[in-house]
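Participant: Under the UniProt record's numbering, think of the first position of the sequence shown as 1, with each following residue one higher.
Every residue, glycine too, gets a C-beta built ideally from N, C-alpha and C.
The structure displayed is predicted, hence computed values, not measured ones.
Before I ask anything, here is the structure I am working with.
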Amino acid sequence: MFNIAEGIGTERGRESQIPCLLESLGIPYSGSDPVSLAISLDKYLTNVVLKRENVPVPFMTLFRSEDDLRNVDMLFQDNNETYIAKPRWEGSSKGVFRDSICRNPNELKRNVLRIFERYRQPAIIEAFLPGIEITAGIVGNGRDARLLGMMKISERKPSDDGVFLYSLEHKRYWLECILYEGPEAINEKVRREAAMIALDAFHALELRDIARIDMQMDGQGQLRVIDINPCRGFHLIIATFQFFIP
Numbered sequence: 001m002f003n004i005a006e007g008i009g010t011e012r013g014r015e016s017q018i019p020c021l022l023e024s025l026g027i028p029y030s031g032s033d034p035v036s037l038a039i040s041l042d043k044y045l046t047n048v049v050l051k052r053e054n055v056p057v058p059f060m061t062l063f064r065s066e067d068d069l070r071n072v073d074m075l076f077q078d079n080n081e082t083y084i085a086k087p088r089w090e091g092s093s094k095g096v097f098r099d100s101i102c103r104n105p106n107e108l109k110r111n112v113l114r115i116f117e118r119y120r121q122p123a124i125i126e127a128f129l130p131g132i133e134i135t136a137g138i139v140g141n142g143r144d145a146r147l148l149g150m151m152k153i154s155e156r157k158p159s160d161d162g163v164f165l166y167s168l169e170h171k172r173y174w175l176e177c178i179l180y181e182g183p184e185a186i187n188e189k190v191r192r193e194a195a196m197i198a199l200d201a202f203h204a205l206e207l208r209d210i211a212r213i214d215m216q217m218d219g220q221g222q223l224r225v226i227d228i229n230p231c232r233g234f235h236l237i238i239a240t241f242q243f244f245i246p
C-alpha cells in the first residue's frame with residue numbers, strides 16, 4: 001500500500017491510523033510507522049526527541065491550559081526574545097498567522113488563547129528564528145537514506161519590518177507572496193549543513209522511505225529544525241524533485 005493518508009479527525013494520532021490498520025492486517029505499506037508519524041505530528045514531542053538526539057532545534061515551551069499563562073512574563077523578563085505561537089499538532093501552517101508572532105506577554109496570551117479556543121489543543125511557544133528557511137527532502141532507509149533535494153523559501157516582497165513568518169496566509173497566496181528557489185540560491189556551506197541536519201533528524205525519529213525536513217536559521221547562523229513532514233502528498237514529492245541535487 002502506497003500510504004499518503006493523513007487520517008480522520010483532529011487528534012495528534014490521526015496520521016498513524018492507516019499504518020496501524022495495515023499493520024494489524026499484515027499489509028506492507030510505504031512510509032513511516034505509526035509511532036514515528038505520531039511523534040512527528042506532535043511539534044512538542046518532536047522538539048524533545050530531536051534535542052535529546054543532539055539535532056539543533058529552537059527553544060520551545062508548552063501551554064496545556066490557561067493556568068500555564070500565569071508565568072508567561074518570565075519568558076520576556078531577562079531578554080528581548082520574540083516567539084511564535086503554534087498549535088501543538090497541526091501541519092501546513094494551520095493556526096500560524098501573520099499575527100502569531102509574540103513580542104510581549106499580552107500578544108503571547110492572546111495567541112495561546114486563540115489556539116485553545118479555535119483548535120481545542122495545547123499551544124507551543126517557539127523562539128522566532130530570523131534567518132533563511134530551507135526545506136529538504138530525504139529518501140531511503142537507514143544508512144542508505146540520502147538527500148533528495150532542497151529549496152530556499154522567502155518572501156517575494158519583504159515586509160516593512162523585515163520579519164518573515166511562513167504563515168497560512170502566505171501558503172494560501174503562495175504564487176503572489178512566496179519565492180521558492182533551488183539549492184543554487186543557498187550558500188554551499190549552509191547547503192551541506194542543511195543536508196547533514198535533515199539526515200540526522202530523519203534518523204533520530206526513525207523515519208522511513210521519504211520525508212521533508214523544514215529548517216530555519218537563528219540569529220547566530222545556526223540552522224534549527226522547525227517541522228517534520230513524513231506523511232507527504234504527491235505535490236510535496238514533485239516540488240522536491242524540481243530542486244533535485246545529484
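Assign R88 to one of two classes, buried (16 or more other C-beta atoms within 10 Å of its C-beta) or exposed (fewer than that).
Facilitator: The residue labelled residue 88 in the question sits at position 88 within the sequence shown. With 16 or more Cβ atoms within 10 Å of its Cβ, R88 is classed as buried.
Participant: From G221 to K189, what distance separates their C-alpha atoms?
Facilitator: Walking along the sequence shown from the start, residue 221 turns up at place 221. Walking along the sequence shown from the start, residue 189 turns up at place 189. Roughly 11 Å separates the two Cα atoms.
Participant: Between which two residues does the beta strand (DSSP E) containing R156 stretch?
Facilitator: In the sequence shown, counting from the first residue as 1, residue 156 sits at position 156. R156 -> no beta strand (DSSP E), and no H or E assigned at all.
Participant: With distances taken between CB atoms, is the gap from Y119 to C102 smaller than 9 Å?
Facilitator: Residue numbering aside, residue 119 sits at position 119 when the sequence shown is read from its first letter. Residue numbering aside, residue 102 sits at position 102 when the sequence shown is read from its first letter. Taking 9 Å as the Cβ cut-off, Y119 and C102 do not qualify as a contacting pair.
Participant: Among residues of its own chain, excluding the 5 on either side of P230, which ones have a beta-carbon nearer than 7 Å to its beta-carbon?
Facilitator: Here the question's residue 230 lines up with position 230 in the sequence shown. The answer, listed in chain order, is G31, S32, S36, L37, S40, L207 and A211.
Participant: Less than 9 Å separating the beta-carbons of A194 and I134?
Facilitator: Here residue 194 refers to the residue found at position 194 when the sequence shown is read from its first residue. Here residue 134 refers to the residue found at position 134 when the sequence shown is read from its first residue. For A194 and I134, yes; Cβs fall inside 9 Å.
Participant: Go to Y119, then tell me how far its alpha helix (DSSP H) extends in each direction, as first and last residue.
Facilitator: Position 119 of the sequence shown, counted from the first residue, corresponds to residue 119. P105 to Y119 is the span of the alpha helix (DSSP H), which, as asked, contains Y119.
Participant: Would you mind giving the Cβ-Cβ distance between A198 and A136, rounded to the nearest angstrom? I have them listed as a contact below 8 Å.
Facilitator: In the sequence shown, residue 198 corresponds to position 198, counting from 1. In the sequence shown, residue 136 corresponds to position 136, counting from 1. The Cβ separation is near 4 Å, so the contact holds.
Participant: What is the DSSP secondary structure of C20, counted as helix, strand or coil?
Facilitator: For this step, residue 20 is matched to residue 20 along the sequence shown. Note: C20 maps to helix in three-state DSSP.
Participant: Using 8 Å for Cβ pairs, my map puts N3 next to Y29. What's the rounded Cβ distance?
Facilitator: In the sequence shown, counting from the first residue as 1, residue 3 sits at position 3. In the sequence shown, counting from the first residue as 1, residue 29 sits at position 29. Confirmed, Cβ separation roughly 5 Å.
Participant: Please state whether DSSP places K152 in a helix, a strand or coil.
Facilitator: The residue given as residue 152 occupies position 152 in the sequence shown. In the structure shown, K152 sits in a strand (DSSP, three-state: E or B).
Participant: What does D144 pair with, by DSSP beta-bridge criteria?
Facilitator: Along the sequence shown, one-based indexing puts residue 144 at 144. DSSP, once it has assigned bridges, lists no residue as partnering D144.
Participant: Check for me: the beta strand (DSSP E) holding P87 runs from which residue to which?
Facilitator: Here residue 87 is taken as the residue at index 87 of the sequence shown, counted from 1. Start and end: Y83 to P87.
Participant: Is S66 helix, strand or coil by DSSP?
Facilitator: For the purposes of this step, residue 66 is identified with residue 66 of the sequence shown, where counting begins at 1. Per the sequence shown, the amino acid found at residue 66 is Glu instead of Ser. Of the three classes helix, strand and coil, the one that applies to E66 here is helix, per DSSP.
Participant: Which class does N47 belong to by DSSP, given the choice of helix, strand or coil?
Facilitator: Reading the sequence shown from its first residue, position 47 is the one you call residue 47. N47 falls in the helix class under three-state DSSP.
Participant: Would you mind sorting K157 into buried or exposed? The rule is 16 or more other CB atoms within 10 Å of its CB.
Facilitator: As a working mapping, residue 157 is identified with position 157 in the sequence shown. With fewer than 16 other Cβ atoms within 10 Å, it is exposed.
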